[in-house]
Amino acid sequence: MADPRSLHEVRAVLAEHREELMRRFSAAGVGIGRPDPGGSYVITVYVTDPAHARVTPDLIDGVPVRCLPAGPFHAQNG
């Protein structure tokens, strides 16, 4: 179990599960967020289908997971 207050540990959990999350939820992207500036980190899954938000796990290896609706991401020159 990872400590969700440790960015290093949350990064390791995300690296281990990134491909699975992208594939399983047809995600536009995944990342790490911190909804409460003094709180724990969370794995954020950006879903293009809102139905997927209802079936995501609450925790992955002890790290909270949240889903946010999103359209496709596009790289920008800059």
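Offset between the sequence shown (1-based) and our numbering: plus 346.
Ideal placement from N, C-alpha and C gives every residue a C-beta, glycine not left out.
On a predicted model such as this, the values are computed, not experimentally measured, just so you know.
Setting aside the 5 residues that flank it on each side, LEU353 is surrounded in the same chain by ILE378, TYR387, each with a C-beta closer than 8 Å to its C-beta; the list follows chain order.
For the pair VAL411 and ASP395, the Cα-to-Cα distance works out to about 16 Å.
Under the 10 Å beta carbon count, ALA373 is surrounded by 16 or more other beta carbons and is classified as buried.
In the DSSP assignment, PRO415 falls outside any alpha helix (DSSP H) and within the unbroken beta strand (DSSP E) covering 409-415.
Measuring C-alpha to C-alpha distances from VAL376 to each of ASP382, HIS363, TYR392 identifies TYR392 as the nearest. Between the beta-carbon of MET347 and that of GLY408 there is about 4 Å, and that keeps the pair under the 8 Å contact cut. In the assembly as shown, PRO350 is a buried residue. Its beta-carbon has 16 or more other beta-carbons within 10 Å.
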